[in-house]
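Chains as they are written, first to last, in my numbering: chain A, 78 to 197; chain B, 401 to 547.
Note that the Cβ used here is the ideal one computed from N, Cα and C, for glycine as well.
Every value quoted in this text rests on a predicted model; they were computed, and no experiment measured them.
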Amino acid sequence: MKNFQIRSKIVNGVAVLYLKGHLDAHQVARFEKELIRLIKEKNFNILINGQDLNYITSAGMGIVMGYVDEVREKGGDIKLCSLSERVYETFDLVGFTEIYDFIQNEQVAIEKFSNISPKA
Amino acid sequence: MKNSAIFPQKPDFSISILSQTQLLKMVVELTRHITTLFNFNAAEAQKISLAIDEAVTNVIKHSYGNATDQNITIEFFLATGGIKIRIFYRGLPPDISDEEINVNKMIKKKKKGGLGVKLMKTIMDSVSYETVDGENCCEMIKWQKTI
């Protein structure tokens with residue numbers, strides 16, 4: 078079984094990135110590659126669904142940090158939803174919970190994007 | 401701050417690994433087992449494991465420049481009420497800065513790194529570095545919460 082899995086789909090114009098398993102420095106390149114692909118394809122409304130993510134280190138959080146400004150410049154955003162208490166706490170330890178939108182479930186998170194219209 | 405002299409002179413447990421990120425998960429699991437067995441609760445064990453992950457990741461990425469054939473030794477010292485972990489490595493000495501990390505500024509600069517040390521310092525009660533004759537040591541201490 079793989080330690081970390083990633084998949085994505087587009088829901089109502091929002092690119093939802095599903096992270097599963099253990100995201101550390103060894104796995105982070107796959108996360109970054111997929112995020113870059115979505116942005117290159119002009120998906121600037123990005124939702125990271127961490128329902129099945131059980132571990133994240135600064136390597137993974139750094140990827141979120143490194144690309145959020147770019148998508149916000151294009152009128153979009155990176156939001157996060159459905160995190161376990163443990164993973165949420167890791168984001169909180171570095172102060173991300175004051176900077177990013179953390180939403181309890183995917184549907185509400187997608188609706189929050191409806192107020193955002195990415196620039197062409 | 402409690403007295404770190406309560407820790408034994410010799411480590412209770414130590415491992416040496418190659419500088420490979422694929423081994424990080426093993427180090428995390430091992431640290432979680434040791435800290436749990438030593439009466440840290442699950443949440444604290446998880447956080448201590450994360451701090452060790454961050455420290456070893458920094459060694460692999462920054463001190464060894466992602467070279468995969470270098471050595472890292474991790475020593476665990478157990479005492480009533482706390483755990484001390486020492487990580488020994490060669491390569492570049494650590495970039496030590498007490499500057500407060502501002503995540504908003506890092507976002508504006510599109511930085512992807514720099515959060516690991518903040519995590520280590522937030523989680524552990526003490527984080528210190530020293531270099532002796534080219535050998536670097538990162539020492540971290542965590543005390544158990546008293547009820």
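Closest residue to residue i among the options (Cα-Cα distance)
{"i": "isoleucine 187/A", "options": "Glu111/A, Gly143/A, Ile155/A", "result": "Ile155/A"}
{"i": "methionine 524/B", "options": "Asn466/B, Gly513/B, Arg486/B, Leu437/B", "result": "Arg486/B"}
{"i": "valine 93/A", "options": "Arg84/A, Val171/A, His99/A, Phe108/A", "result": "Arg84/A"}
{"i": "glycine 465/B", "options": "Tyr489/B, Ala445/B, Gln446/B", "result": "Tyr489/B"}
{"i": "alanine 102/A", "options": "Cys538/B, Ile541/B, Val456/B", "result": "Val456/B"}
{"i": "leucine 160/A", "options": "Lys151/A, Val105/A, Thr174/A, Ile116/A", "result": "Thr174/A"}
{"i": "glutamine 544/B", "options": "Ser419/B, Leu418/B, Ala442/B, Gln420/B", "result": "Ala442/B"}
{"i": "glycine 62/A", "options": "Lys110/A, Arg163/A, Leu124/A, Asp146/A", "result": "Residue 62/A is absent from the model: chain A starts at 78 and stops at 197."}
{"i": "arginine 432/B", "options": "Cys538/B, Thr421/B, Ser416/B, Ala451/B", "result": "Ala451/B"}
{"i": "valine 185/A", "options": "Glu118/A, Gly172/A, Leu157/A", "result": "Leu157/A"}
{"i": "aspartate 146/A", "options": "Ile176/A, Tyr165/A, Gly127/A", "result": "Ile176/A"}
{"i": "aspartate 453/B", "options": "Glu475/B, Asn439/B, Glu444/B, Met426/B", "result": "Met426/B"}
{"i": "valine 459/B", "options": "Gly491/B, Phe476/B, Asn439/B", "result": "Gly491/B"}
{"i": "phenylalanine 476/B", "options": "Thr546/B, Lys542/B, Pro411/B", "result": "Pro411/B"}
{"i": "aspartate 533/B", "options": "Pro493/B, Ser449/B, Phe438/B", "result": "Pro493/B"}
{"i": "isoleucine 417/B", "options": "Asp469/B, Glu429/B, Phe440/B", "result": "Asp469/B"}
{"i": "leucine 437/B", "options": "Cys537/B, Gly481/B, Lys508/B, Met540/B", "result": "Gly481/B"}
{"i": "asparagine 122/A", "options": "Val105/A, Gly143/A, Ile87/A, Ala136/A", "result": "Ile87/A"}
{"i": "glycine 153/A", "options": "Leu96/A, Asn120/A, Asn182/A", "result": "Asn120/A"}
{"i": "proline 408/B", "options": "Lys542/B, Lys484/B, Glu444/B", "result": "Lys484/B"}
{"i": "serine 526/B", "options": "Glu429/B, Phe413/B, Met540/B", "result": "Met540/B"}
{"i": "lysine 447/B", "options": "Lys508/B, Cys538/B, Lys521/B, Asn403/B", "result": "Lys521/B"}
{"i": "glutamate 183/A", "options": "Arg107/A, Glu109/A, Asp129/A", "result": "Asp129/A"}
Nearest-angstrom beta carbon gap, residue j and residue i [assumed within contact, 8 Å]
{"i": "lysine 512/B", "j": "glycine 90/A", "result": "In fact, because the Cβ distance is near 26 Å, the residues do not count as touching under 8 Å."}
{"i": "glutamate 81/A", "j": "leucine 100/A", "result": "Note that residue 81/A is phenylalanine in the sequence shown here, rather than glutamate. Confirmed, about 5 Å."}
{"i": "isoleucine 406/B", "j": "alanine 479/B", "result": "5 Å"}
{"i": "leucine 124/A", "j": "leucine 519/B", "result": "Not really, about 24 Å apart at Cβ, beyond 8 Å."}
{"i": "isoleucine 553/B", "j": "isoleucine 474/B", "result": "The requested residue 553/B is not part of the displayed model; chain B covers only 401 to 547."}
Residue(s) in a DSSP beta bridge with residue i
{"i": "asparagine 126/A", "result": "Tyr95/A, Cys158/A"}
{"i": "leucine 100/A", "result": "Ile133/A"}
{"i": "valine 527/B", "result": "Met540/B"}
{"i": "isoleucine 415/B", "result": "Ile474/B"}
{"i": "arginine 84/A", "result": "Tyr95/A"}
{"i": "glutamate 188/A", "result": "None; glutamate 188/A has no bridge partner."}
{"i": "valine 579/B", "result": "Because chain B in this structure spans residues 401 to 547, residue 579/B falls outside the shown range and cannot be described."}
{"i": "isoleucine 116/A", "result": "According to DSSP, which records beta bridges pairwise, isoleucine 116/A is partnered with nothing at all."}
{"i": "phenylalanine 76/A", "result": "No information on residue 76/A is available, as it lies outside the stretch 78 to 197 that chain A covers here."}
{"i": "isoleucine 180/A", "result": "Cys158/A"}
Selection of the segment 484 to 511 of chain B by Cβ proximity to chain A, strictly under 7 Å:
Listed by position, the residues of the segment 484 to 511 of chain B near chain A (Cβ gap below 7 Å) are Val503, Asn504, Met506, Ile507, Lys508, Lys510, Lys511.
Using a Cβ-Cβ cutoff of 8 Å, what residues of the segment 421 to 438 of chain B are near chain A? List them in chain order.
Those would be Thr421, Gln422, Leu424, Lys425, Val428, in chain order.
Any C-beta of chain A within less than 8 Å: which residues of the segment 513 to 537 of chain B qualify?
For the segment 513 to 537 of chain B, which is checked against every Cβ of chain A, the residues closer than 8 Å are Gly513, Gly514, Leu515, Gly516, Lys518, Leu519, Thr522, Ile523.
Give the list of continuous alpha helix (DSSP H) stretches no shorter than 4 residues that lie fully inside the segment 423 to 500 of chain B.
424 to 437, 442 to 458
Proximal residues, the segment 442 to 455 of chain B versus chain A, C-beta separation under 7 Å:
Result list: Gln446, Leu450, Asp453, Glu454.
Near-chain B residues of the segment 168 to 190 of chain A (beta-carbon distance less than 8 Å), N- to C-terminal order:
Leu170, Val171, Gly172, Phe173, Ile176
Listed in chain order, which residues of the segment 105 to 127 of chain A have Cβ atoms closer than 7 Å to some Cβ of chain B?
Taking 7 Å as the cut-off between beta carbons, none of the residues of the segment 105 to 127 of chain A comes near chain B.
Could you please tell me which residues of the segment 461 to 485 of chain B, in chain order, have their CB closer than 9 Å to any CB of chain A?
Of all residues in the segment 461 to 485 of chain B, Lys461 have a Cβ within less than 9 Å of some Cβ in chain A.
According to a CB-to-CB cut-off of less than 8 Å, which residues of the segment 127 to 147 of chain A neighbour chain B?
Tyr132, Thr134, Ser135, Ala136, Met138, Gly139, Ile140, Met142, Gly143, Tyr144, Val145, Asp146, Glu147
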